[in-house]
Amino acid sequence: MPPVSLLLNLLWIFCGGLWMAAAWMIAAIIMAITIVGLPWARAAFNIAAYTLLPFGSRAVRRDLVTGQPDIGTGPLGLIGNLIWLVLAGWWLALGHLITAILLAVTIVGIPFAWAHIKLAGIALWPIGKVIVPA
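Residue numbers (the working numbering): 199 to 332.
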């Protein structure tokens, strides 16, 4: 990890990263407990790690990385994302948006607010995403 990404990730942890990563972990654990929610739990665990250290990596559609469609990027992924949106996506996105608004009040927090806005979009539609180095 480049030094700039390392510094930004350390500052990120104090600017809402730790709080929102914990929220993602709670969502993942709740989904994993329900056995039926295991596909969502896997996605939530991946995004929780990304939420904790987002600088130096990015989230992209899995079919763009592999070059072929799979279950998470097809019709079942669409259905899975709609279920996720109703069960957990909206409140995770809301948490990211509230954190972004609080950070945007300060000039120093604007880059971190922008990162929270991007994560709010991922919170609404996480199935079929993979984290890759930037």
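For every residue, glycine included, the Cβ atom is placed at its ideal position computed from N, Cα and C.
Proximity winner among the options, relative to residue i (alpha-carbon distances)
| i | options | result |
| --- | --- | --- |
| residue 241 | 260, 253, 254 and 255 | 260 |
| residue 330 | 244, 227 and 225 | 244 |
| residue 203 | 320, 328, 313 and 326 | 313 |
Between the CA atoms of residue j and residue i - distance to the nearest angstrom
| i | j | result |
| --- | --- | --- |
| residue 315 | residue 250 | 15 Å |
| residue 221 | residue 247 | 11 Å |
| residue 270 | residue 237 | 9 Å |
| residue 305 | residue 215 | 18 Å |
| residue 284 | residue 239 | 15 Å |
| residue 322 | residue 257 | 13 Å |
| residue 293 | residue 265 | 33 Å |
| residue 268 | residue 235 | 19 Å |
Residue environment, residue i, which counts as buried when at least 16 other CB atoms sit within 10 Å
| i | result |
| --- | --- |
| residue 218 | buried |
| residue 212 | exposed |
| residue 282 | buried |
| residue 317 | buried |
| residue 225 | buried |
Curious, which full-length alpha helix (DSSP H) runs of at least 4 residues does the stretch 206-235 contain? 216-231
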